[in-house]
Amino acid sequence: MSSSPAVHTVRFEPFGIEMEVEEGETVLDAAFRQGIALMHGCKEGQCASCKSLLLEGDIELLKYSTFALPDYESEAGQILLCRTEAYSDLSIELLSYDEELLSRSIPVKSHAGTVTRITPLTHDIRLLEIELETPLKFWAGQYVDLTIPEHNVTRAYSMANAPSEQHKLQFIIKKYPDGAFSALLDGDLTVGAKVSAKGPYGGCFRREGRDGAMVLVGGGSGMSPLWSILNDLVESGEQRPVRFFYGARTRADLFLLDELASLGAKLNDFKFIPALSDAAPGDEWTGETGLVTDVVAQTLKEEGFSGNMDAYSCGPPPMIDAVLPLLQVAGIEPTSIYFDKFTQPMSREEPSLATGAN
Ligand code: FES
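Okay, structure coming up:
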């Protein structure tokens, strides 16, 4: 006869929030299950987003990267919640938290679904569409862990559609030749294939009710959450200036341009500003060139925005790392800069997501 796992109580300071954790599950997973959205990113001990301080109790830490938690920090009682299993009741101090994330928590669940369409958007970007059997509630900009059981592969991908659609989800995915998931998008994964989506995860979601400019900065398949955020903003009817910067190599790497133009036409003050880092001679490109981060800095300086601005950024880590200080110089509060970074997981050959607020 199997006995149920021991259950312990975890108390999070400084809020005094309490929850249960079962032996054998991590504190972060227990929080997701109970709809308590703590700061998180990689969920596998690499990014340090979930770093906290153990005040009391017995724990065991699963394998993690010492870049995320150096020995001197663990010796001082710091832990990674995504790697922490409880062996007694715990008291934990959250070292970083986002009160809006906590207040808009949605319990993480698994949803079964099927693939309904796969469409090429460029030579290496695909639009994957799936239909779920049960609705997935999420905020624009969040992501799920998508699993293809037949191929035993799971990757984190951000929804591209607005959250008003909870059954039919879209994902803009960049193909990697050896990507265990993305390489399946050109033939091996077919319409009707079973998938499951577990989520929602991520703190890089659209904040409502701000009046200053909204700045979106993306590259590659970083378009996915930004597309969701932009569609959600338009659906909300909120009007605020929006500057959408997008970095690509050549003209052939740009996509959804007509759709962007018609979405932008519904906003009073919208500019899409693509920057090509490697424009081909045949591109006849008259727009911005060079690194998108330089274009962001220059444009925001010229525009001189002020007020309750926020910024959302999703793309390769070097782009995010370069753009964060520039956004602050442009007058955006660090706590109003939200980002999705593609990280390189320990055991995988294609990028996954880490998210957070600066
Ligand atoms: S280290 Fe815990 S979420 Fe990344």
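Positions in the sequence shown are counted from 1; adding 1168 to them yields this note's numbering.
Where a beta carbon is used, it is the ideal one built from N, C-alpha and C, also for glycine.
Asked                                                                                                                 : Found
C-alpha distance - F1423 paired with D1354, whole-angstrom precision                                                  : 18 angstroms
First through last residue of the alpha helix (DSSP H) which encompasses D1478                                        : Taken as a continuous stretch (DSSP letters only), D1478 belongs to no alpha helix (DSSP H), being part of the beta strand (DSSP E) at 1478–1483.
Distance between L1494 and K1362 (C-alpha atoms, nearest Å)                                                           : 43 angstroms
Backbone CA spacing between P1442 and P1484 [nearest angstrom]                                                        : 16 angstroms
As assigned by DSSP and simplified to three states, the class of V1402                                                : helix
Option in E1427, E1301, G1388 with minimal Cα separation from K1366                                                   : E1301
Distance, N1320 Cα to L1222 Cα                                                                                        : 35 angstroms
Runs of alpha helix (DSSP H) lying entirely within the stretch 1371–1403, each at least 4 residues, in chain order    : none
Closer than 6 angstroms: G1367 CB and nearest the ligand FES heavy atom                                               : no
beta-carbon C1250 near the ligand FES non-hydrogen atom, thresh 6 angstroms                                           : yes
T1142, buried or exposed, once every other Cβ within 10 Å from all chains shown has been counted against 16           : The structure shown does not extend to residue 1142, since the chain is modelled only from 1169 through 1526, so no value can be given for it.
Check: C1372 C-beta below 6 angstroms from any heavy atom of the ligand FES                                           : no
Check: I1204 C-beta below 6 angstroms from any heavy atom of the ligand ZN                                            : With respect to small molecules bound, the structure shown includes the ligand FES and not the ligand ZN.
C-alpha distance - E1406 paired with Y1232, whole-angstrom precision                                                  : 42 angstroms
Alpha carbon of R1294 to alpha carbon of L1230, nearest angstrom                                                      : 35 angstroms
Beta carbon of W1453 nearer than 7 angstroms to that of L1459                                                         : no
Rounded straight-line distance, which links the Cα of Y1255 to that of R1171                                          : Reading the sequence as shown, one finds Ser at residue 1171 and not Arg. When rounded, the distance between both Cα atoms is 16 angstroms.
Cβ-Cβ separation, E1403 to A1148 (assumed contact under 8 angstroms), whole Å                                         : Given a span of 1169 to 1526 for the chain in the structure shown, any question on residue 1148 remains unanswerable.
Contact test: S1217 Cβ vs the ligand FES heavy atom, cutoff 6 angstroms                                               : yes
R1419 - containing beta strand (DSSP E), residue span                                                                 : Looking at the DSSP string, R1419 is not in any beta strand (DSSP E), and its letter there is neither H nor E.
Beta-carbon gap between L1248 and C1218 smaller than 7 angstroms                                                      : yes
Contact test: A1211 Cβ vs the ligand FES heavy atom, cutoff 6 angstroms                                               : A small correction: the amino acid at residue 1211 is Lys; Ala does not occupy that position in the sequence shown. Yes, the Cβ of K1211 comes within 6 angstroms of a heavy atom of the ligand FES.
Inter-residue spacing [alpha-carbon to alpha-carbon] between T1418 and S1389                                          : 15 angstroms
Reduced DSSP category for I1500 - H, G, I as helix; E, B as strand; rest coil                                         : coil
Residues near E1252 by beta carbon distance below 7 angstroms, same chain, minus five either side                     : According to the sequence shown, residue 1252 is Thr rather than Glu. These residues qualify, in order along the chain: T1194, V1195, I1227, L1229.
Separation of V1276 from G1203, as counted between CA atoms                                                           : 7 angstroms
A1545 Cβ short of 6 angstroms to the ligand FES heavy atom set                                                        : Residue 1545 is absent from the model: the chain starts at 1169 and stops at 1526.
Cα-Cα separation between V1175 and S1220, rounded to whole angstroms                                                  : 21 angstroms
Cβ neighbours of K1434 in the same chain (closer than 8 angstroms, five flanking residues each side left out)         : V1402
Cβ-heavy atom distance, H1208 to the ligand FES, below 6 angstroms                                                    : yes
Straight-line Cα distance separating F1180 from S1278                                                                 : 25 angstroms
Sequence-distant residues of the same chain with beta carbon closer than 8 angstroms to G1380, five excluded per side : R1408, P1409, F1473, S1474, G1475, N1476, M1477, D1478
Residue-chain proximity (A1381, chain B), Cβ-Cβ < 7 angstroms                                                         : In the displayed structure, chain B is absent; only one protein chain is listed.
Rounded Cβ spacing between F1413 and L1384 (contact assumed at less than 8 angstroms)                                 : 7 angstroms
According to DSSP, residues forming a beta bridge with S1538                                                          : A query on residue 1538 cannot be resolved here, the shown segment of the chain reaching from 1169 to 1526 and no further.
Per-residue DSSP class, three states only, for I1259                                                                  : A quick correction: the sequence has Ser, not Ile, at residue 1259. The answer is strand: DSSP assigns S1259 an E or B state.
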